[in-house]
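> Just so we're aligned: 171 in numbering that gives the first Met the number 0 is position 172 of the sequence shown, and the numbers increase by one with no gaps anywhere.
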Amino acid sequence: MKNFFPLFTNHPEIIYLDNAASTQKPQLVIDAMSDFMANEYANIHRGLYGLSEASEQHYHESKRLVAELLGCSAKEVIYSYNTTYAINLLVQAMVKSKFLQKGDVVLLGMRDHHANVLPWMNLAEMIGFEVQFVATDENYQIDWNDFDQKYTEKVKVVAMGQVSNVTGAIYDLKKVRSKIRPETFFLIDGSQSVPNMIVDMEDLGADAVVFTAHKIMASTGLGVLALKNHWIKEWTPLILGGGTIKDVSISSFSLQNNAEKREAGTPNIIGAVSLEAALNFVKSLDESGNLRKGIEKIGFHEQSLTHYALERFAQLEDKVNLIGPKEQRVSLFSFTLKDKSNFNQIGEFFAEKNICIRCGGHCAYPLHKHYHLGGTCRMSAYLNNDISDLEKFFARLEELVKS
Numbered sequence: 000m001k002n003f004f005p006l007f008t009n010h011p012e013i014i015y016l017d018n019a020a021s022t023q024k025p026q027l028v029i030d031a032m033s034d035f036m037a038n039e040y041a042n043i044h045r046g047l048y049g050l051s052e053a054s055e056q057h058y059h060e061s062k063r064l065v066a067e068l069l070g071c072s073a074k075e076v077i078y079s080y081n082t083t084y085a086i087n088l089l090v091q092a093m094v095k096s097k098f099l100q101k102g103d104v105v106l107l108g109m110r111d112h113h114a115n116v117l118p119w120m121n122l123a124e125m126i127g128f129e130v131q132f133v134a135t136d137e138n139y140q141i142d143w144n145d146f147d148q149k150y151t152e153k154v155k156v157v158a159m160g161q162v163s164n165v166t167g168a169i170y171d172l173k174k175v176r177s178k179i180r181p182e183t184f185f186l187i188d189g190s191q192s193v194p195n196m197i198v199d200m201e202d203l204g205a206d207a208v209v210f211t212a213h214k215i216m217a218s219t220g221l222g223v224l225a226l227k228n229h230w231i232k233e234w235t236p237l238i239l240g241g242g243t244i245k246d247v248s249i250s251s252f253s254l255q256n257n258a259e260k261r262e263a264g265t266p267n268i269i270g271a272v273s274l275e276a277a278l279n280f281v282k283s284l285d286e287s288g289n290l291r292k293g294i295e296k297i298g299f300h301e302q303s304l305t306h307y308a309l310e311r312f313a314q315l316e317d318k319v320n321l322i323g324p325k326e327q328r329v330s331l332f333s334f335t336l337k338d339k340s341n342f343n344q345i346g347e348f349f350a351e352k353n354i355c356i357r358c359g360g361h362c363a364y365p366l367h368k369h370y371h372l373g374g375t376c377r378m379s380a381y382l383n384n385d386i387s388d389l390e391k392f393f394a395r396l397e398e399l400v401k402s
């Protein structure tokens with residue numbers, strides 16, 4: 000698949016294994032953005048001329064594809080800057096609409112990314128609701144005993160990542176939904192799952208799913224919040240401006256009752272074009288042009304890389320600590336070396352060999368502290384990788400542990 004990604008044509012020496020942070024862009028996506036800016040660009044909403052109508056069509060087509068991907072309505076798709084911003088928008092709307100109040104409890108996962116931790120903690124301090132964390136067990140999965148103890152009548156929101164960006168573990172969020180009351184709001188952070196597995200809002204019983212475009216081969220600056228329509232209508236957004244209102248006078252205003260009321264100002268139209276192109280690229284991976292089957296093909300490709308990586312890590316288990324499960328996981332591997340504690344030096348070693356990995360806390364400090372880790376190195380593979388990339392990575396890893 001490397002031939003679809005111009006980075007590897009232009010720089011064949013690079014082994015890119017940092018896909019959990021951001022994915023490389025196919026030529027098709029780059030061309031779509033360039034062609035749009037050169038031939039079709041204009042602002043959307045209320046433009047009655049051809050360029051504006053073309054831009055609007057791209058914008059709504061990208062939302063239609065997102066809806067097809069997540070099993071929701073295109074009218075339930077809200078665009079923001081990224082996953083972090085999308086969750087902040089959601090939390091602020093809950094507070095402004097008094098859905099979350101003093102005495103309520105929000106239940107998160109110990110393993111969650113800071114994007115799904117800090118927005119809740121920040122407003123909990125201001126409003127007086129409580130944030131609690133469900134522990135992770137010795138197999139890096141949800142500690143169900145801890146979940147059952149903490150899920151009380153006070154819990155108003157359960158918000159959890161579907162895949163850990165540190166351990167690579169896939170969590171059984173369908174089981175989470177089965178354990179919670181229908182009125183409990185259920186948010187899924189799909190940043191690490193939407194790019195490589197089917198995430199169906201109805202099947203999972205989710206009230207909202209968030210993910211970011213740049214991790215599924217689109218550009219940066221575009222986040223997705225898919226939110227059930229009754230919540231869109233019920234909650235008042237905190238951020239208002241152009242495009243959000245039905246009417247304004249000098250004494251009052253009235254809001255639109257749709258997703259647009261949560262997209263104040265000019266949106267990232269070019270980002271939407273990039274996501275449209277990226278999802279069309281995923282569709283092209285399936286002979287019948289089925290978007291979800293294209294995602295499944297990415298998942299199958301990842302699993303072949305996962306099996307190979309697990310075999311190679313097992314051969315090094317006396318020298319390398321693999322942080323994560325051996326089953327129910329994606330091709331994302333965090334590790335430490337038993338005789339080398341400076342993870343930045345490890346990252347620099349790989350960088351000198353043109354191998355791109357990431358080292359540090361990965362915006363998941365609670366998880367690292369839970370496992371008494373100062374930091375880890377993370378290798379993450381995706382569609383643009385093949386077995387030869389992993390062979391080169393493990394050859395260098397073996398060289399490092401012998402040094």
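We treat Cβ as the ideally placed atom computed from N, Cα and C, and that holds for glycine.
None of the values given here were measured: they were computed from a predicted structure.
Taking C-beta to C-beta, are residue 354 and residue 16 nearer than 8 Å?
In the sequence shown, the residue the question calls residue 354 occupies position 355. In the sequence shown, the residue the question calls residue 16 occupies position 17. Yes, the pair counts as a contact, with Cβ atoms nearer than the cut-off.
> Could you spell out where the beta strand (DSSP E) holding residue 378 opens and where it closes?
Residue numbering aside, residue 378 sits at position 379 when the sequence shown is read from its first letter. That run of the beta strand (DSSP E) goes 375-379.
> Smallest Cα separation from residue 175: which of 292, 227, 149?
Working through the sequence shown from its first residue, we reach residue 175 at position 176. With distances taken between Cα atoms, residue 175 lies closest to 149.
> Taking the straight line between their C-alpha atoms, what separation do you get for residue 14 and residue 384?
In the sequence shown, the residue the question calls residue 14 occupies position 15. In the sequence shown, the residue the question calls residue 384 occupies position 385. Going from the Cα of residue 14 to the Cα of residue 384 covers about 8 Å.
> Grab the span of the alpha helix (DSSP H) containing residue 311 for me, first residue to last.
Here residue 311 is taken as the residue at index 312 of the sequence shown, counted from 1. Taken as a continuous stretch (DSSP letters only), the alpha helix (DSSP H) holding residue 311 covers 290-314.
> Going by DSSP in three states, residue 186 sits in which element: helix, strand or coil?
Here residue 186 is taken as the residue at index 187 of the sequence shown, counted from 1. DSSP places residue 186 within a strand segment (E or B) once states are collapsed to three.
> In terms of residue numbering, what span does the beta strand (DSSP E) encompassing residue 357 cover?
Numbered from its first residue, the sequence shown carries residue 357 at position 358. It spans 357-359 - the beta strand (DSSP E) in which residue 357 sits, taken as one unbroken run.
> Among all the DSSP beta bridges, which residues are the ones paired with residue 15?
Counting from one through the sequence shown, the residue named residue 15 turns up at place 16. Beta-bridge pairing links residue 15 to 355.
> Could you tell me whether the Cβ atoms of residue 331 and residue 345 are closer together than 8 Å?
As a first step, residue 331 is located in the sequence shown; it is residue number 332 there, counting from the start. As a first step, residue 345 is located in the sequence shown; it is residue number 346 there, counting from the start. No, the pair does not count as a contact, with Cβ atoms beyond the cut-off.
> For residue 86, which residues from the same chain have a beta carbon less than 7 Å from its beta carbon, with the 5 sequence-adjacent residues on both sides left out?
Locating residue 86 in the sequence shown gives position 87, where the first residue counts as 1. If we look at residue 86 and ignore the five residues flanking it on each side, its Cβ neighbours are 114, 115, 118, 209.
> Would the beta-carbon of residue 326 be found less than 7 Å away from any heavy atom of the ligand FAD?
In terms of ligand content, the structure shown is empty, and the ligand FAD therefore cannot be addressed.
> Assess, as a yes-or-no matter, whether the stretch 80-100 is touched by the stretch 234-242 under the definition of 3 or more beta carbon pairs within less than 8 Å.
Judged by Cβ distances under 8 Å, the stretch 234-242 makes contact with the stretch 80-100, as three or more pairs qualify.
> Within the continuous beta strand (DSSP E) that includes residue 246, where are the two ends?
Here residue 246 refers to the residue found at position 247 when the sequence shown is read from its first residue. For residue 246, the enclosing beta strand (DSSP E) stretches over residues 244-247.
> Within a Cβ cutoff of 7 Å, which residues of the same chain sit near residue 309, ignoring the five residues on either side of it in sequence?
Here residue 309 is taken as the residue at index 310 of the sequence shown, counted from 1. Only 325 meet the Cβ criterion.
> Which same chain residues, not among the five before or five after residue 156, have their C-beta less than 6 Å away from its C-beta?
Within the sequence shown, numbered from 1, the residue matching residue 156 stands at position 157. Excluding residues within five positions, the ones whose Cβ falls inside 6 Å are 105, 184.
> Ends of the alpha helix (DSSP H) at residue 320?
Here residue 320 refers to the residue found at position 321 when the sequence shown is read from its first residue. Segment 319-322 is the beta strand (DSSP E) holding residue 320; no alpha helix (DSSP H) there.
> Tell me which same chain residues have a C-beta within less than 7 Å of the C-beta of residue 280, skipping the five on either side of it?
Your numbering for residue 280 matches position 281 in the sequence shown. Within the same chain, and ignoring the five residues on either side of residue 280 in sequence, the residues whose Cβ sits closer than 7 Å to its Cβ are 25, 27, 28, 216.
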